Amino acid sequence: MTSLFIRWDLRLTFAGGLALAWAAAWASAWTPACAQSPAPLVPASRRVATAPDRAPVAPEVAVERLAVQLGLTDPQKIQLKAILAERQEQMRAIQGDASLRPYQKLRKAQAAHQEYDRRILATLNDEQKRQYEGLEAQAKEALKRRRQTRKESLAPSYPAD
Numbered sequence: 013m014t015s016l017f018i019r020w021d022l023r024l025t026f027a028g029g030l031a032l033a034w035a036a037a038w039a040s041a042w043t044p045a046c047a048q049s050p051a052p053l054v055p056a057s058r059r060v061a062t063a064p065d066r067a068p069v070a071p072e073v074a075v076e077r078l079a080v081q082l083g084l085t086d087p088q089k090i091q092l093k094a095i096l097a098e099r100q101e102q103m104r105a106i107q108g109d110a111s112l113r114p115y116q117k118l119r120k121a122q123a124a125h126q127e128y129d130r131r132i133l134a135t136l137n138d139e140q141k142r143q144y145e146g147l148e149a150q151a152k153e154a155l156k157r158r159r160q161t162r163k164e165s166l167a168p169s170y171p172a173d
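Heads up: the sequence shown begins at 13 in our numbering, then just goes up one per residue.
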């Protein structure tokens, strides 16, 4: 009688072990989509633009655009190209600095932009300065509109009662 119970117990243990092994193999083979690529904590519309989303404009392209809009001379183009290339390198260095917190990166980038704007304005004549400041104002207004549009798209919509 005892040997019958032992055999029955071994069968249950063996069957349980097989079931457990099958379940583990099945669970490891099947992973839900959320486990394969976790969703980012910050929605895409709120993330800081990175190279794939919005690549920076090459200094040569930016200088050519400014040359058309401001009527730059050749020496001004050379100076602005050097300033914009230096600014782009500094912005990359700030963004790549892992020791800085996000707000520190923002403050550092804002200070750098002010310094480079001062240097750009120093290369322009009075008429070009007025035009450049107008272009800056247009860019700021466009940024405000993009932010407002993004804010509205993220706002929760409630059905009308």
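The beta carbon of each residue, even a glycine, is placed where N, CA and C say it ideally should be.
Bear in mind that the values here come from a model prediction, so they are computed numbers and not experimental data.
So for residue i, helix, strand or coil by DSSP?
i, result
"Ser165", "helix"
"Pro68", "coil"
"Gly146", "helix"
"Asp9", "Because the chain spans 13 through 173 in this model, residue 9 falls outside it and cannot be assessed."
"Thr85", "coil"
"Leu92", "helix"
"Leu155", "helix"
"Leu136", "coil"
Roughly how many whole angstroms lie between the Cα atoms of residue i and residue j?
i, j, result
"Leu133", "Val73", "18 angstroms"
"Arg131", "Gly108", "24 angstroms"
"Ala70", "Arg119", "23 angstroms"
"Ala187", "Ala110", "Past the boundaries of the shown model lies residue 187; the chain is included only from 13 to 173, so the question cannot be answered."
"Arg157", "Lys163", "10 angstroms"
"Ala154", "Gln160", "10 angstroms"
"Asp138", "Ala167", "43 angstroms"
"Gly146", "Ile106", "27 angstroms"
"Arg142", "Pro114", "33 angstroms"
"Arg104", "Gln88", "24 angstroms"
"Arg77", "Leu84", "10 angstroms"
"Lys117", "Gln126", "14 angstroms"
"Glu148", "Asp86", "22 angstroms"
Can residue i be considered in contact with the ligand SAH, in the sense that its beta carbon sits closer than 7 angstroms to one or more heavy atoms?
i, result
"Lys120", "Among the ligands in the structure shown, none appear at all, so the ligand SAH cannot be discussed."
Determine the contact status of residue i and residue j, defining contact as a CB-CB distance below 8 angstroms.
i, j, result
"Ala124", "Gln100", "no"
"Lys93", "Val80", "no"
"Gln140", "Leu82", "yes"
"Leu136", "Tyr144", "yes"
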